[in-house]
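**Q**
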Amino acid sequence: MERFEKGFFVGAATAAHQVEGNNIYSDAWAQEHMEHTNYLEPSGDSVDHYNHYEEDIKLLAEAGLNAYRFSIEWARIEPEEGKFDEKELEHYRQVIVCCKNNRVEPIVTLHHFTSPKWLISKGGWEADSVVEDFARYARFVMEHLGSELRYVCTINEANMGIQVAVIARRYMEQMKKGMDEQKKESMVQMGLNFEKMKADQRAAEAETLKIFGVNTAHCFCTPRSAHGDMLIMEAHKAARDVIHEICPEVKVGLTLSLHDIQAQSGGESNAEKEWAEEFTHYLPAIVDDDFLGVQNYTRMLMGPASSLPVPEGAETTQMDYEFYPQALGNVLRKVAKDFHGELLVTENGIATADDSRRIAFIEQAAEGVQTCIAEGLPIRGYIYWSLLDNFEWQKGYSMTFGLIAVDRSTQTRRPKPSLSVLGNYAAS
Ligand code: BGC
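This is how it looks when you write it as C-alpha cells:
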C-alpha cells in the first residue's frame, strides 16, 4: 500500500437526508410517508447525524482521513419558499467548524437528491423557475458560509434523472423478456424499487395530487425529460456564477454518476451512445467548472441491443452490482480525455456485509487512482461512499456501504476495520 501525497484528499461522504434524520420539509420525507410509497421504510431518525456529527467527524479524523463531503439540506435552509432558517444555517456552520477543528477539509454539496416539498408543488425539476430558486438558495448559503469553504459541489449526480429515465425505458423492454426485478434495478447507481413503483402506479398518482398538488412529482431522481435535463445544467451554471461572484476563490463543480461502460462485441455504437447520454453531452455546461466530481460504483457491459447482465459467476454486492473496483480508474481516464479541470472522486464504494471485501474494493480502487495520477491525471482526492451505514433511498437501511456501522436503536457507532485502512492512504 502506498500513501497519497500531501494535500490529496482522502475522505468519506454522506448526504443530509440519508444520515441526519427528520428531514421533514423535504419531498423525500413526504413520499416516504405516502400510503403508496416506493420506499421500503421511512428514514425516521436515520443515524441521527444531525446530533452526532461531532462524534462522526472525530471518528473520521482519528482514523486518518482528511476530508469530509456532506450536503447542506435545502429543505432545512428554506422550508417555506423565500423563508430562510438562520438556525439551520448555524447548524451547518458548526459542522464546518467541527471539520476544521479536526483538520478535516469540508467539501460541501448544495443539492443531494432531496428538495423542499414546496419546490415540487411548483413543478419541481421540470419547471423553469427551478433555476432561479436554486440560485437564490445557493446565494444565501454562500453569503453566509462561503468564506469557510474551498470546494463546493452544486448538484449531486446531475445526470441521475436521465439515467432513471433510461432504466425505466429499459425496464419496460426487459419486462417483456422476463428478466428478474433485482437485475433491472441494479443497472442504476442508487437504490430503487421498480417493482413496487409499477404495482402502485395509479393509486400513487392520486395520492401525489393530494400531497403535492400536482399530478406528477418531478423530484430530482424521477425520470427526466430533455427539457428537465437542460434546466439542471442551467441551475448548475446559475449557482456556479453566484458562487464565483461571492467567493471567487472557491472551486466549483457538479458530480456525475458514471459507469465504466465496456462495449462487448457488436455493442460499440450503443456504448458510445450511452456514454454521450451519461457524460459527453454535459461537457458544454461544465467546461468552465473548476472540477468534476466523479462517482462510480461498477462497470456496465454493453451488447448490440442493450446493456448485459453481470457475467455468470461474478462476485456481486448487496446492490447486485458486479464487484469491479477497476471501473474507477477506467472512468477517470475516460473523462480526462474531454474534461480538463481538476478531478475529484466524490463517491466510490461498495454495499457489503463483509468488511474484508470493502477493504479489497478500496485497495483496488485506490491503486487505480494512483496509477491515473502517475499517468498525469489531475486527481485531487478520493472520497469513499459512505462514512456511515445509512438510508439507501427506496431500499431503506438494508444496504451497508459504511465505514462505520450504526446500531440505530441506541445510535451507537462502531467503526469497521475499513475505516482505518482508508485513513492509512492519507499522507501523515
Ligand atoms: C448517491 C448516493 C447513494 C449511492 C449508493 C449515489 O448514487 O449519490 O446518495 O447512496 O450512490 O447507491
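Take our numbering: the last position of the sequence shown gets the number 565, and nothing is skipped along the way.
Heads up, the beta-carbon is just placed ideally off N, CA and C, and yes, glycines get one too.
From a predicted model like this one, the values you see are computed outputs, not experimental measurements.
(1) Quick check: does the Cβ of residue 394 come within less than 7 Å of any heavy atom belonging to the ligand BGC?
(2) Report yes if the C-beta of residue 152 is less than 7 Å from at least one heavy atom of the ligand BGC; otherwise report no.
(3) Exposed or buried, residue 168, counting other C-beta atoms within 10 Å across all chains shown (16 or more means buried)?
(4) Please state the DSSP three-state secondary structure of residue 481.
(5) Is DSSP giving residue 88 helix, strand or coil here?
(6) Quick test of your reading: residue 252 and residue 356, contact by CB under 8 Å. State the CB separation rounded to the nearest angstrom.
(7) Going by other Cβ atoms of all chains shown within 10 Å of its Cβ, with 16 needed for buried, is residue 386 buried or exposed?
(8) Exposed or buried, which one is residue 206 when buried takes at least 16 other CB atoms within 10 Å?
(9) Pairs of beta-carbons, one from the region 237-254 and one from the region 283-299, closer than 8 Å: are there three or more?
(10) Is it right to say residue 485 is buried, meaning 16 or more other beta carbons lie within 10 angstroms of its own, or is it exposed?
(11) Looking only at its own chain, which residues have a Cβ that is under 7 Å from the Cβ of residue 453, when we skip the five neighbours before and after it?
(12) So for residue 393, helix, strand or coil by DSSP?
(13) What is the residue span of the beta strand (DSSP E) that residue 432 lies within?
(14) Can you tell me whether DSSP reads residue 248 as helix, strand or coil?
(15) With DSSP collapsed to three states, give me the class of residue 466.
(16) Just reading off the beta strand (DSSP E) that residue 549 is part of, what are its end residues?
(17) Under the criterion of a Cβ to heavy atom distance below 7 Å, does residue 432 qualify as lining the ligand BGC?
(18) Given residue 305, which residues of its chain have a CB within under 7 Å of its CB, disregarding the five upstream and five downstream residues?
(19) Just curious, the alpha helix (DSSP H) that residue 538 is in, first and last residue?
(20) Answer yes or no: the CB of residue 327 versus the heavy atoms of the ligand BGC, is any distance below 7 Å?
(21) Could you tell me which residues DSSP pairs with residue 446 in its beta bridges?
(22) Residue 300: beta carbon under 7 Å from a heavy atom of the ligand BGC?
(23) Let's see if you can read the secondary structure: which residues bound the beta strand (DSSP E) around residue 522?
(24) Nearest to residue 493 by alpha carbon, out of 295, 412, 558 and 178?
(25) Between residue 186 and the ligand BGC, is there a pair consisting of the residue's CB and a ligand heavy atom that are separated by less than 7 Å?
(26) For residue 201 and residue 375, what's the separation of their Cα atoms in angstroms?
(27) Which residues bound the beta strand (DSSP E) around residue 278?
(28) Pick helix, strand or coil for residue 291, following the three-state DSSP scheme.
(29) Where do the ends of the beta strand (DSSP E) carrying residue 436 lie?
(30) Look up residue 525 in the DSSP assignment and say whether it is helix, strand or coil.
(31) Report yes if the C-beta of residue 250 is less than 7 Å from at least one heavy atom of the ligand BGC; otherwise report no.
(32) At a cut-off of 7 Å, would you count residue 293 as near the ligand BGC, judging by its Cβ distance to the nearest heavy atom?
(33) Tell me whether residue 204 is buried or exposed, calling it buried when 16 or more other Cβ atoms sit within 10 Å of its Cβ.
(34) Taking the beta carbon of residue 554 as the centre, do at least 16 other beta carbons fall within 10 Å, making it buried, or is it exposed?
(35) With DSSP as the reference, please indicate the residues paired to residue 544 in a beta bridge.
(36) Can you list, in chain order, the stretches of the beta strand (DSSP E) that have 3 or more residues and sit fully within the region 162-217?
**A** Let me lay it out:
(1) yes
(2) yes
(3) buried
(4) strand
(5) Outside the displayed range of the chain (138 to 565) lies residue 88, so it cannot be described from this structure.
(6) 7 Å
(7) exposed
(8) Residue 206 is buried by the Cβ-count criterion.
(9) Yes, they touch.
(10) buried
(11) Answer for residue 453: 447, 459 and 460, listed in chain order.
(12) strand
(13) It spans 428-433 - the beta strand (DSSP E) in which residue 432 sits, taken as one unbroken run.
(14) strand
(15) helix
(16) Its beta strand (DSSP E) spans residues 549-552.
(17) Residue 432 Cβ: within cutoff of the ligand BGC.
(18) 360
(19) From DSSP, residue 538 is part of no alpha helix (DSSP H); its letter is neither H nor E.
(20) Within the cutoff, so yes.
(21) For residue 446, which the question treats as bridged, DSSP gives no partner whatsoever.
(22) no
(23) Looking at the DSSP string, the run of the beta strand (DSSP E) that includes residue 522 is 516-522.
(24) Per the Cα distances, 558.
(25) no
(26) 36 Å
(27) From DSSP, residue 278 is part of no beta strand (DSSP E) but of the alpha helix (DSSP H) over 267-282.
(28) In this structure, residue 291 counts as strand in the three-state DSSP scheme.
(29) 436-439
(30) strand
(31) yes
(32) yes
(33) buried
(34) Under a 10 Å Cβ-count criterion, residue 554 is classified as exposed, with fewer than 16 other Cβ atoms of the shown protein chains found around its own Cβ.
(35) 549
(36) 204-208
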